[in-house]
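Read the structure below first, then the notes.
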Amino acid sequence: MSEKRKLIIDTDCGSDDAVAIAMALHDENYEVIMITTVCGNVPIQQATENTLTTLEYSNTYFPDVYRGCDKPLLAPWKGSRDTHGDDGMGDLGFHSTRLKAREGHAVLKILEALRENEAGSIDIVTLGPLTNLAMAIRLERDTVLRARRVVVMGSTGLGHGNVTPAAEFNIWQDAHAARIVLEAGFDDLMLVGWDACLGDAILDEREIEMIRNSSELGRFCIDSNRVLMSLNKRRFGRDCLDMADPAAMAAALYPQCIDRCERYYAEIETAEGPSFGSVVLDYYGFTGQSANVAVCSKLKSAEFREYLFRTLGVNK
Ligand code: RIB
Ligand code: CA
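Under my numbering, think of the first position of the sequence shown as 1347, with each following residue one higher.
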């Protein structure tokens, strides 16, 4: 049995983050060595509680959870209650009964893990705004570059925005942090765009019911996304689930499901205005700059579903 690959998950634990975390915890090829929380969908305390609740419902092993930054670097915190509910988990009153976060700041714990483990032995997947990662880079950039790769749920990919016409929520909520991450000099940084979870990656009513009826974890994964489903009814006109963080987790841990991913030179727009928080891709090479990021904009429908159902224990 080859050694499991080590994974750090950074999350603003809304309801789709919860599904992604459950997937990673059930992937036998990875060991989640810690989960760090960040202010994003919900305030930091709620993101941390939601993460602990997710660990309890996932009911596998229980990585240490550390609280991170409680506000974006510069921009005001806005949150996303319309997408995930006030508590980020569908306002159903889910809560962990026995788990607690560990003492220590997430940013320092990320640096400690990267310093103490062999260079290239830890993958990082971020599911929320990049505040924690940016702070770690500002403190010890060379230590953060010891990560083997960083996969970010963030950007519109090659598509359109979900919080403004030009921007996707995770980048938009802390665009200054995203700029620091893109300029850090990672060799293997991938942005999974919101468009990767759209199109034929959207879960339909039948698949939603199948997951919900599969287990207590399946019911938790679906019911906690009920606010997102009611938003989708309004924006897409049908009961469906666009699973942004699960798409990013699948792209990170099961790259066989990636259909489209290209490297570009990209910059983050941090000037106030209609494009604030957008990821500007130099698609035709106008800048002459070498690529600094890979952008995954599409998943293979069957492979994504196979991985999602397998890691959630859903027997099709
Ligand atoms: O734009 C989608 C992203 O914003 C997801 O990570 C979701 O959880 C929210 O944080
Ligand atoms: Ca998220």
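Heads up, the beta-carbon is just placed ideally off N, CA and C, and yes, glycines get one too.
Within the same chain, and ignoring the five residues on either side of Cys1586 in sequence, the residues whose Cβ sits closer than 8 Å to its Cβ are Ile1548, Leu1549, Asp1550, Glu1551, Ile1554, Met1575 and Asn1578. Classified as buried, Arg1413 has 16 or more neighbouring CB atoms from the shown chains inside 10 Å of its CB. Contact check for Val1625 and Thr1502: beta-carbon distance about 7 Å, within the 8 Å limit, so the pair qualifies.
Here Thr1477 really is in contact with Cys1415; their C-beta atoms are around 4 Å apart, less than 8 Å.
In the three-state reduction of the DSSP assignment, Cys1385 falls in the coil class. A direct Cα-to-Cα measurement between Phe1582 and Asp1546 gives close to 13 Å. With a cut-off of 7 Å, the C-beta of Asp1358 is classified as near ligand 1, since at least one heavy atom of the ligand falls inside that distance.
Thr1472 is bridged by DSSP to Asp1356 and Val1498. Scanning the segment 1389–1467 from its first residue to its last, the whole alpha helix (DSSP H) runs of 4-plus residues come out as 1390–1404, 1427–1430 and 1452–1462. The three-state reading of DSSP puts Asp1569 in helix, counting H, G and I together. Measuring C-alpha to C-alpha distances from Leu1445 to each of His1430, Gly1474 and Asn1396 identifies Asn1396 as the nearest. In this structure Arg1584 is exposed. Its beta-carbon is surrounded by fewer than 16 other beta-carbon atoms within 10 angstroms. By the 16-neighbour rule on beta-carbons within 10 angstroms, Tyr1653 is buried. Contact annotation: Val1641 and Glu1608 have beta-carbon atoms nearer than 8 Å. Of all C-beta pairs linking the segment 1484–1492 to the segment 1452–1466, three or more are shorter than 8 Å, placing the two stretches in contact. Counting along the chain, Ser1643 sits inside the beta strand (DSSP E) bounded by residues Val1639 to Leu1645. In the displayed model, Glu1608 falls within a strand according to three-state DSSP. With respect to the 8 Å criterion, Ile1517 and Gly1425 are not classified as neighbours on the basis of their beta carbons.
According to the DSSP assignment, Val1365 belongs to the alpha helix (DSSP H) that extends over Ser1361 to Leu1371. Contact annotation: Arg1580 and Ile1568 have beta-carbon atoms that are not nearer than 8 Å. Out of Leu1353, Ile1390, Val1378 and Gly1531, the CA that lies nearest to the CA of Cys1359 is found in Ile1390.
Relative to ligand 1, the nearest heavy atom lies less than 7 Å away from the CB of Leu1473. Assignment of Val1378 by DSSP, reduced to helix, strand and coil, places it in the strand class. With a threshold of 7 Å, the Cβ atom of Asp1605 does not count as near ligand 1, since no heavy atom of the ligand is closer than that. Each residue's CA atom was taken as its position, placing His1372 and Tyr1611 some 34 Å apart. In the structure shown, the three-state DSSP call for Val1625 is strand. For the set Ile1354, Tyr1630, Ala1512 and Phe1532, the Cα lying nearest the Cα of Glu1618 is the one of Ala1512.
Taken atom to atom, the span from the alpha-carbon of Phe1566 to that of Thr1400 is near 9 Å. Close CB contacts of Tyr1629 within its chain, under the 7 Å cut and outside five residues either way in sequence, are with Tyr1610 (chain order).
Distance check between Asn1638 and each of Ala1480, Leu1528 and Ile1367 places Leu1528 closest, using alpha-carbon atoms only.
By the CB criterion at 8 Å, Ser1643 and Ala1524 fall outside the cutoff.
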